[in-house]
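The block underneath contains the structure these notes are about, expressed in structure tokens.
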Amino acid sequence: MFDAYERLLGFVASEIKKDNAEAKVFSTNRLVQAAGAVSPATLAYVLSKLVQEGWLEQFLRVETLSGRGIEDFSSLADVPEEVYDWPETHENIRVTPNNLRVYYKLQNPAH
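Structure (structure tokens):
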């Protein structure tokens, strides 16, 4: 577990040093790649620890069928049953597990 934490922390710290670091958003899949071969439970623990420490901010994004972002929410309680799909269909669409994704935004705990 400690190795996965160190790998992810190293990845996050290196991304903070790059230009436009605070605008960077990572999918869970990208962070899985950075963590290496770990169990889902280990990954969940490491990501929650990095969120608690202020390195990452977790949020939910409703996406279109093609994967474009429609709207972001800070918690599951904030996600409505429907959202307006402005990028593609220009209609209200129902929010389901198929179009809801978890993302992480880079933070700098020194701020």
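Per this note's numbering, the very first residue in the sequence shown carries number -11; after that it's consecutive.
Virtual Cβ for every residue (Gly too), placed ideally from N, Cα, C.
Because the structure is a prediction, the values reported are computed rather than measured.
C-beta atoms of residue i and residue j nearer than 9 Å
i   : j   : result
D60 : Y91 : yes
V20 : V26 : yes
I58 : V67 : no
L88 : R49 : yes
A65 : L31 : no
V0  : L44 : yes
One or two residues paired with residue i in a DSSP bridge
i     : result
K93   : V13, E45
R82   : E70
F61   : L48
L(-4) : None, per the DSSP bridge assignment.
Whole-angstrom distance between residue j and residue i, CA atom to CA atom
i      : j   : result
A22    : A29 : 16 Å
Y33    : S62 : 19 Å
E41    : R18 : 20 Å
F(-10) : K37 : 11 Å
A3     : L94 : One detail in the question is off: residue 3 reads as Glu in this sequence, not Ala. So the alpha carbons of these two residues sit roughly 8 Å apart.
E(-6)  : F47 : 22 Å
Same chain only: Cβ atoms within 8 Å of residue i, ignoring 5 sequence neighbours per side
i   : result
K6  : K12
E79 : Y72, D73
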